[in-house]
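Below: one structure, written as structure tokens.
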Amino acid sequence: LNEDLKTNIDSENYDFDTLAGLILNFAGHIPKEGYTLELENYRFVIKEIINKRIKKVLIENIPKEDFER
Numbered sequence: 005l006n007e008d009l010k011t012n013i014d015s016e017n018y019d020f021d022t023l024a025g026l027i028l029n030f031a032g033h034i035p036k037e038g039y040t041l042e043l044e045n046y047r048f049v050i051k052e053i054i055n056k057r058i059k060k061v062l063i064e065n066i067p068k069e070d071f072e073r
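Per the numbering used here, residue 5 is the first one in the sequence shown, and the count goes up by one each step.
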């Protein structure tokens, strides 16, 4: 995941290997469509869930100066 997104998210302290796993880890529950997670300089917005599985996620890059506010 870090290679694909070019991030340094500390995945060693968490139990996930996929984008859905990352979102579930930080949400703490199965989120609904529209759920938003901001992490490092990325915004992850769930666009589609089917049978309690995250199917589509919009990934937006947040400019560093906006993220630090």
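For each residue, glycine too, the CB sits at the ideal point set by N, CA and C.
The structure displayed is predicted, hence computed values, not measured ones.
Are the CB atoms of residue i and residue j nearer to each other than 9 Å?
i: Ile50; j: Pro35; result: yes
i: Tyr18; j: Ile27; result: no
i: Ala31; j: Leu43; result: no
i: Asn45; j: Lys68; result: yes
i: Arg47; j: Leu23; result: no
In the DSSP assignment, find the unbroken beta strand (DSSP E) run with residue i in it and report its ends.
i: Glu64; result: Arg57 to Asn65
i: Phe48; result: Tyr46 to Ile54
By a C-beta neighbour count over all protein chains shown, 10 Å radius and 16 as the cutoff for buried, is residue i buried or exposed?
i: Ile58; result: buried
Please list the terminal residues of the continuous alpha helix (DSSP H) segment that includes residue i.
i: Leu5; result: Note, Leu5: premise wrong, no alpha helix (DSSP H); not H, not E.
i: Ile27; result: Leu23 to Ala31
What three-state label does DSSP hand residue i in the structure shown?
i: Glu37; result: coil
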